[in-house]
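> Attaching a single structure in structure tokens format; questions to follow.
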């Protein structure tokens with residue numbers, strides 16, 4: 001399948017400022033929650049359907065890394081529910097086989113006639129299904145375990161032993177002692193070791209069962225103290241929640257089988273979409289420069305000079321140009337959720353919930369996927385987003401032989417023009433309002449999250465950007481820019497290893 005020829009100058013107008021925006025900071029603001037559906041008459045059913053789709057996507061992404069990011073959508077057909085899978089790279093056969101077994105259990109429960117029978121069968125199925133979900137996701141779980149056992153648990157134990165986080169209160173000290181004992185018992189063995197499958201199964205269940213225990217209460221309390229050390233406890237808490245999440249997701253899948261029997265009683269058919277090959281970024285070397293980008297963004301030499309002067313005050317343009325040159329060789333891919341939207345658009349598929357065109361994903365949407373879905377005329381549900389910008393992103397491919405090629409091409413050009421405007425406004429606001437790059441934050445939506453001040457509290461900065469660059473600040477999502485205590489930045493950068501392609505249902 002070949003890319004339809006969107007005018008090269010249009011793609012250049014998109015990717016030039018995109019590279020500059022990425023160089024200014026990959027994190028484009030605070031995390032964004034998924035759009036809620038206010039049209040539904042059955043909010044509990046609506047919530048459970050979303051939870052089911054998210055859960056499937058999450059348990060199919062059995063390894064960490066961008067290639068395993070998985071998206072899921074449910075199509076309603078007269079015969080059954082068609083479960084559409086897409087991944088950043090090819091959906092593996094082992095994923096399809098695993099999901100077939102999972103959905104076989106869901107169907108067996110849902111087709112029973114009365115709720116009591118479904119509840120009883122769900123209870124009988126729960127333990128075995130949980131074990132299979134954990135076993136399939138063992139590669140990912142092992143990484144979480146290693147991060148806890150080798151880094152985060154020892155770091156927190158050291159802080160506790162030194163008494164830095166204790167308030168002197170006897171009850172608080174008892175709680176810290178119990179937390180330290182629990183961590184040593186489950187994660188710190190004295191010598192590096194790889195847990196066997198039985199231990200991994202037990203650890204996942206232990207983390208889930210303790211989510212509301214005094215041990216986790218103490219951990220949450222410690223995560224709320226101090227500006228630097230609290231991050232170590234927060235990161236530990238997040239990882240423990242990730243370990244326990246597989247039990248929670250399995251329970252949600254069974255709950256869906258019990259409560260959504262009318263949806264699932266005819267069974268499931270799994271379909272996997274192919275993933276297009278990576279393509280080179282459509283920019284030549286001499287186009288990936290600060291000067292070229294500024295020249296294309298601003299029509300007058302006065303505007304160009306003002307922007308360059310401000311940029312030079314913040315960052316050495318030659319350093320930025322060097323970064324842009326390195327990035328221009330990036331390979332691009334179509335992200336999983338966009339593959340599903342493209343398929344549903346081209347084939348006129350009907351979502352299971354006609355009032356909620358929801359795409360579930362194993363991680364929140366990136367900055368560009370969120371912008372794309374927000375700008376799409378099909379009014380798909382706007383997903384949660386971790387607001388990270390990936391330069392190696394591209395629009396869905398168009399087959400030139402498709403009879404609807406011209407209409408698809410027109411729709412894509414309309415969307416990309418909106419994205420160009422989106423990116424340029426973010427650049428101008430960013431340059432005017434900040435003096436340093438945005439700090440790192442993890443993709444994860446599990447457990448606790450840090451919140452930061454945003455431009456919402458700095459209207460003077462938005463006003464200044466508007467007057468200098470004629471930016472329509474009403475069109476800017478001010479929650480996409482943030483500042484964080486500088487003391488926290490280096491710690492967050494040092495702990496980037498806990499960044500994860502997280503999504504799915506929350507561990508509440």
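Residue numbers (the UniProt record's numbering): 1 to 508. The C-beta atom is built at its ideal place from N, Cα and C for all residues, glycine as well.
#1: With three or more C-beta pairs closer than 8 Å as the rule, is the stretch 328-346 touching the stretch 355-370?
#2: Pair every Cβ in the stretch 54-67 with every Cβ in the stretch 345-352, then say whether three or more of these pairs are closer than 8 Å.
#3: Could you have a look at residue 72 and say whether DSSP puts it in helix, strand or coil?
#4: I'd like the list of long-range same chain contacts for residue 186, defined as Cβ closer than 7 Å, with 5 residues on each side in sequence excluded.
#5: Suppose the cutoff is 6 Å on Cβ atoms and the five residues either side in sequence are ignored; what does the same chain contact list for residue 323 look like?
#6: Identify the continuous beta strand (DSSP E) that holds residue 404 and give its terminal residues.
#7: Taking the alpha-carbon of residue 384 as reference, which of 18, 25, 9 and 50 has the nearest alpha-carbon?
#8: Hey, could you find the ends of the beta strand (DSSP E) residue 540 is sitting in?
#9: For residue 404, collect the residues of the same chain with a Cβ closer than 8 Å to its Cβ; drop the 5 residues on either side in sequence, then sort them by chain order.
#10: I need the straight-line Cα distance from residue 210 to residue 393, nearest angstrom please.
#11: Report yes or no: do the stretch 97-104 and the stretch 264-272 share at least 3 C-beta pairs separated by less than 8 Å?
#12: Between the beta-carbon of residue 213 and the beta-carbon of residue 138, is there less than 8 Å?
#13: Let's see if you can read the secondary structure: which residues bound the beta strand (DSSP E) around residue 81?
#14: Going by DSSP in three states, residue 332 sits in which element: helix, strand or coil?
#15: Given this structure, state the Cα-to-Cα distance separating residue 201 from residue 94, to the nearest angstrom.
#16: Any contact between the stretch 119-138 and the stretch 272-292? By contact I mean 3 or more CB pairs, one from each, below 8 Å.
#17: Less than 8 Å between the CB atoms is what I'm expecting for residue 308 and residue 424, so what's the real figure, rounded?
#18: Against chain D, does residue 299 count as a neighbour if the rule is that its beta carbon must be under 8 Å from one of theirs?
#19: Looking at the unbroken alpha helix (DSSP H) that takes in residue 123, where does it start and where does it end?
#20: Would you mind reading off the limits of the alpha helix (DSSP H) that contains residue 250?
#21: If you follow the alpha helix (DSSP H) that residue 158 is part of, which residue opens it and which one closes it?
#22: If you draw a straight line from the alpha carbon of residue 6 to that of residue 409, how long is it in whole angstroms?
#23: How long is the line joining the alpha carbons of residue 515 and residue 406, rounded to whole angstroms?
#24: Please state whether the Cβ-Cβ distance between residue 19 and residue 391 is less than 8 Å.
#25: Do residue 256 and residue 118 have their beta-carbon atoms positioned less than 8 Å apart in this structure?
#26: In its own chain, which residues sit with a C-beta less than 7 Å from the C-beta of residue 153, not counting the 5 before and 5 after it?
#27: Where are the alpha helix (DSSP H) runs, 4 residues long or more, that stay fully inside the stretch 307-378, in chain order?
#28: For the alpha helix (DSSP H) that residue 399 lies in, which residues bound it at each end?
#29: Could you tell me whether the stretch 69-82 touches the stretch 51-61, using the rule of 3 or more Cβ pairs below 8 Å?
#30: Would you identify the three-state DSSP class for residue 510, choosing helix, strand or coil?
#31: Got a sec, what are the start and stop residues for the alpha helix (DSSP H) residue 101 sits in?
Taking the coordinates as given:
#1: yes
#2: no
#3: strand
#4: 203 and 206
#5: 23
#6: No beta strand (DSSP E) holds residue 404; DSSP gives it neither H nor E.
#7: 50
#8: Residue numbering for the chain in the displayed model covers 1 to 508; residue 540 lies beyond these limits and cannot be assessed.
#9: 346
#10: 39 Å
#11: yes
#12: no
#13: 81-87
#14: strand
#15: 20 Å
#16: no
#17: Rounded, the Cβ-Cβ distance is 15 Å, inconsistent with contact.
#18: Of the protein chains in the structure, only one exists, and it is not chain D.
#19: 115-136
#20: 229-259
#21: 153-162
#22: 7 Å
#23: Since the first residue of the chain shown is 1 and the last is 508, residue 515 is not available in this structure.
#24: yes
#25: no
#26: 183, 187, 188 and 236
#27: 317-327, 336-347 and 367-375
#28: Run containing residue 399: none; DSSP gives neither H nor E here.
#29: yes
#30: This structure does not reach residue 510, given that the chain is present from 1 up to 508, and the question cannot be answered.
#31: 93-110
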